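Peer 1: In my numbering, the protein residues as written are 787 to 1172. For each residue, glycine too, the CB sits at the ideal point set by N, CA and C. Values in this document were obtained by computation on a predicted structure and should not be read as measured data. Let me begin by handing over the structure; questions about it come next.
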């Protein structure tokens, strides 16, 4: 009979810098880093996701300070400059640096085609004004102010993105519309998450009849065609309803049709997690279902919830844009990107005045940014992505 092989175990404390060998500084940093720092390092390596995150942060800051960013109010009209094309910004005039300025515009109405033609008067450069006093407003409806990021030149115009059929500045309307279009996605996703986590968590943890009835309810809701339901519910809103109530009603409609998908994902995950040993230990220690779901089960698939929320926001923005474009969602005097696109329903107006389609640009940019950010978050939150 052979002698047992001796087994030696070192009693020295673990030293990451000594034990890891090559690249000790990098590996030691990873060994000591918290989960939040590891998440940030993985997200930072996805440059497209970081750029998208920066774009979204700037977009929401612009939406929050719309009154200051926009040079005019959302309904301010200049009837002398209807359907004016975008005025380009210049820096040099006759070889001299003048700073940001625009040229004066002269407009004429073609009596044969009823089309307005504008030409630049290159003999009259008009410098733009920055951090200037302009049209007064109530910031967030609380403080009276009149400071703007930029204003039109004295006695001139600054329609940097053109004007519409009423002579309203498209740039100002786009900035004000961002507040509605961006926040409706956040509010809708918040309500979606609340409903999805509540019903999906109950179905997955309790099982039995609760799982059966909640499962059948989500299946019925998922089988309904979304577009006709959107149209029917939006058309059922009274015309006399206040714009604020219409805003919240549209948000609730979008959220109520989106939560079943998240609820099914939460249910399936909880069904697999509720049999784990840490759940049994929590039950033996007297934890109730609500505490077990909130403190032990949901954090184990928080990455899926975060990614689902990031990918659900653009779908709600697109839904609101489509409904408003069809005059079944938000209506004037509320201004959103979808409401602005109603000006482009006439193909003749689009051919003659293509800048009316500009609201599509922020919609597309926002949807792509949320999609790229969602992909980056999914990879950063997945510990097996590296």
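1) Buried or exposed for residue 1076, going by 16 or more other Cβ atoms inside 10 Å?
2) Can you tell me whether residue 903 is buried or exposed? The criterion is at least 16 other CB atoms within 10 Å of its CB, across all chains shown.
3) If you count every other CB in all the chains shown that lies within 10 Å of the CB of residue 1059, and 16 or more means buried, which is it?
4) Using the Cα positions of residue 927 and residue 993, report the straight-line distance between them to the nearest angstrom.
5) Tell me which residue opens and which closes the alpha helix (DSSP H) that residue 1070 is part of.
6) Looking only at its chain, what residues have a beta carbon closer than 6 Å to the beta carbon of residue 957, apart from the 5 residues adjacent to it on each side?
7) Quick one, are the C-beta atoms of residue 863 and residue 953 less than 8 Å apart?
8) Can you grab the Cα-Cα spacing for the pair residue 1046 / residue 1096, in whole Å?
9) Classify residue 844: buried if its beta carbon has 16 or more other beta carbons within 10 angstroms, exposed otherwise.
10) Nearest CA to the CA of residue 1160: which residue from 1122, 1114 and 1091?
11) Could you check where the alpha helix (DSSP H) with residue 1088 kicks off and where it finishes?
12) Please list the terminal residues of the continuous alpha helix (DSSP H) segment that includes residue 1005.
13) Would residue 1006 pass as a contact of residue 1106 if the rule is Cβ separation under 8 Å?
14) Anyone know if the C-beta pair for residue 1079 and residue 1069 falls short of 8 Å?
15) Take residue 1153 and list the residues in its own chain whose beta-carbon comes closer than 6 Å to its own, dropping the five residues that flank it on each side.
16) Taking only the alpha-carbon atoms, compute the straight-line gap between residue 1040 and residue 882 and give it to the nearest angstrom.
17) From which residue to which residue does the alpha helix (DSSP H) around residue 903 run?
18) Just the Cα atoms here: how many angstroms apart are residue 949 and residue 1050?
19) Considering only their Cβ atoms, is the gap separating residue 1162 from residue 832 smaller than 8 Å?
20) Using the three-state DSSP reduction, which class does residue 894 fall into: helix, strand or coil?
21) State the CB to CB distance for the pair residue 1166 and residue 825, rounded to an integer number of angstroms; the pair is presumed to be in contact (CB under 8 Å).
22) Would you grab the beta carbon distance between residue 974 and residue 1126 for me? Rounded to a whole angstrom, and I think it's under 8 Å.
23) What are the boundary residues of the beta strand (DSSP E) that includes residue 935?
24) Just how far apart, CA to CA, sit residue 877 and residue 886?
25) Are residue 865 and residue 921 closer than 8 Å when you measure CB to CB?
26) Output the distance between the C-alpha atoms of residue 1074 and residue 931, rounded to the nearest integer angstrom.
27) Could you spell out where the beta strand (DSSP E) holding residue 1012 opens and where it closes?
28) When the Cα atoms are used, what is the spatial distance from residue 1062 to residue 985?
29) Quick check: the Cα distance between residue 1084 and residue 1052, rounded to an integer number of angstroms?
30) Is residue 961 near residue 1118, with beta carbons less than 8 Å apart?
31) Which residues bound the beta strand (DSSP E) around residue 877?
32) By a C-beta neighbour count over all protein chains shown, 10 Å radius and 16 as the cutoff for buried, is residue 1000 buried or exposed?
33) Using DSSP's beta-bridge definition, name the partner residues of residue 924.
34) What's the gap between the Cα of residue 834 and the Cα of residue 892?
35) Look at the alpha carbon of residue 995 and the alpha carbon of residue 1132, and state the distance between them as a whole number of angstroms.
Peer 2: Reading off the structure:
1) Translated into the one-based positions of the chain shown, residue 1076 becomes position 290. Exposed, since its Cβ has fewer than 16 Cβ neighbours within 10 Å.
2) Numbered from 1 along the chain shown, position 117 holds the residue referred to as residue 903. Exposed.
3) Along the chain shown, read from residue 1 onward, the residue named residue 1059 stands at position 273. By the 10 Å Cβ count, residue 1059 comes out buried.
4) In the chain shown, counting from the first residue as 1, residue 927 sits at position 141. In the chain shown, counting from the first residue as 1, residue 993 sits at position 207. Rounded to whole angstroms, the gap between the alpha carbons of residue 927 and residue 993 is 48 Å.
5) Residue numbering aside, residue 1070 sits at position 284 when the chain shown is read from its first letter. DSSP places residue 1070 inside the alpha helix (DSSP H), whose first and last residues are 1063-1070.
6) Position 171 of the chain shown, counted from the start, is the residue given in the question as residue 957. If we look at residue 957 and ignore the five residues flanking it on each side, its Cβ neighbours are 946 and 947.
7) Here residue 863 is taken as the residue at index 77 of the chain shown, counted from 1. Here residue 953 is taken as the residue at index 167 of the chain shown, counted from 1. Against a cut-off of 8 Å, the Cβ pair of residue 953 and residue 863 comes out as a contact.
8) Translated into the one-based positions of the chain shown, residue 1046 becomes position 260. Translated into the one-based positions of the chain shown, residue 1096 becomes position 310. In this structure, the straight-line span from the alpha carbon of residue 1046 to that of residue 1096 is close to 16 Å.
9) Locating residue 844 in the chain shown gives position 58, counting from the first residue. Exposed, because fewer than 16 other Cβ atoms sit within 10 Å of the Cβ of residue 844.
10) Residue 1160 sits at position 374 when you count from the first residue of the chain shown. Considering only 1122, 1114 and 1091, the residue with the shortest C-alpha distance to residue 1160 is 1091.
11) On the chain shown, position 302 is the one that residue 1088 refers to. From DSSP, the alpha helix (DSSP H) with residue 1088 extends over 1088-1111.
12) Walking along the chain shown from the start, residue 1005 turns up at place 219. Note, residue 1005: alpha helix (DSSP H), 994-1009.
13) On the chain shown, residue 1006 is found 220 positions in, with the first residue counted as 1. On the chain shown, residue 1106 is found 320 positions in, with the first residue counted as 1. No, these two residues do not count as a Cβ contact at 8 Å.
14) Here the question's residue 1079 lines up with position 293 in the chain shown. Here the question's residue 1069 lines up with position 283 in the chain shown. No; because the gap between Cβ atoms is not below 8 Å, this pair is not in contact.
15) Along the chain shown, read from residue 1 onward, the residue named residue 1153 stands at position 367. The residues are 1100.
16) Position 254 of the chain shown, counting from 1, holds the residue named residue 1040. Position 96 of the chain shown, counting from 1, holds the residue named residue 882. Cα to Cα, residue 1040 sits roughly 54 Å from residue 882.
17) Residue numbering aside, residue 903 sits at position 117 when the chain shown is read from its first letter. Careful: residue 903 lies outside any alpha helix (DSSP H), inside the beta strand (DSSP E) at 901-913.
18) Here residue 949 refers to the residue found at position 163 of the chain shown. Here residue 1050 refers to the residue found at position 264 of the chain shown. Going by the C-alpha atoms only, they are around 47 Å apart.
19) Taking the chain shown and counting its residues from 1, one reaches residue 832 at position 46. Taking the chain shown and counting its residues from 1, one reaches residue 1162 at position 376. Yes.
20) By 1-based counting over the chain shown, the position of residue 894 is 108. DSSP places residue 894 in strand when its eight states are reduced to three.
21) In the chain shown, counting from the first residue as 1, residue 1166 sits at position 380. In the chain shown, counting from the first residue as 1, residue 825 sits at position 39. That belief holds up - the Cβ atoms of residue 1166 and residue 825 are roughly 5 Å apart, short of 8 Å.
22) As a position in the chain shown, residue 974 is number 188, starting the count at 1. As a position in the chain shown, residue 1126 is number 340, starting the count at 1. The distance from the Cβ of residue 974 to that of residue 1126 is about 20 Å, inconsistent with a contact at the 8 Å cut-off.
23) To locate residue 935, count along the chain shown from 1; it is residue 149. Residues 929-937.
24) As a first step, residue 877 must be located in the chain shown, where it is residue number 91. As a first step, residue 886 must be located in the chain shown, where it is residue number 100. When rounded, the distance between both Cα atoms is 5 Å.
25) Stepping through the chain shown from its first residue, residue 865 is reached at position 79. Stepping through the chain shown from its first residue, residue 921 is reached at position 135. In this structure, residue 921 does not lie closer than 8 Å to residue 865 by Cβ.
26) Mapped onto the chain shown, residue 1074 falls at position 288. Mapped onto the chain shown, residue 931 falls at position 145. Rounded to whole angstroms, residue 1074 to residue 931 spans 52 Å at the Cα level.
27) Sequence index remark: in the chain shown, residue 1012 carries index 226 (1-based). Where residue 1012 is concerned, there is no enclosing beta strand (DSSP E), although the alpha helix (DSSP H) it sits in stretches over 1012-1021.
28) Here residue 1062 refers to the residue found at position 276 when the chain shown is read from its first residue. Here residue 985 refers to the residue found at position 199 when the chain shown is read from its first residue. Residue 1062 and residue 985: Cα-Cα distance of roughly 21 Å.
29) What you label residue 1084 is simply residue 298 of the chain shown in a count that begins at 1. What you label residue 1052 is simply residue 266 of the chain shown in a count that begins at 1. Counting only the Cα atoms, residue 1052 lies some 8 Å from residue 1084.
30) Position 175 of the chain shown, counting from 1, holds the residue named residue 961. Position 332 of the chain shown, counting from 1, holds the residue named residue 1118. Against a cut-off of 8 Å, the Cβ pair of residue 1118 and residue 961 comes out as no contact.
31) Looking up residue 877 in the chain shown gives position 91. 876-879 is the span of the beta strand (DSSP E), which, as asked, contains residue 877.
32) Position 214 of the chain shown, counting from 1, holds the residue named residue 1000. Result: buried.
33) Against the chain shown, residue 924 aligns to sequence position 138. Note: residue 924 sits in a beta bridge opposite 930.
34) Here residue 834 refers to the residue found at position 48 of the chain shown. Here residue 892 refers to the residue found at position 106 of the chain shown. Cα-Cα distance, rounded: 43 Å.
35) For this step, residue 995 is matched to residue 209 along the chain shown. For this step, residue 1132 is matched to residue 346 along the chain shown. Computed Cα separation, rounded: 53 Å.
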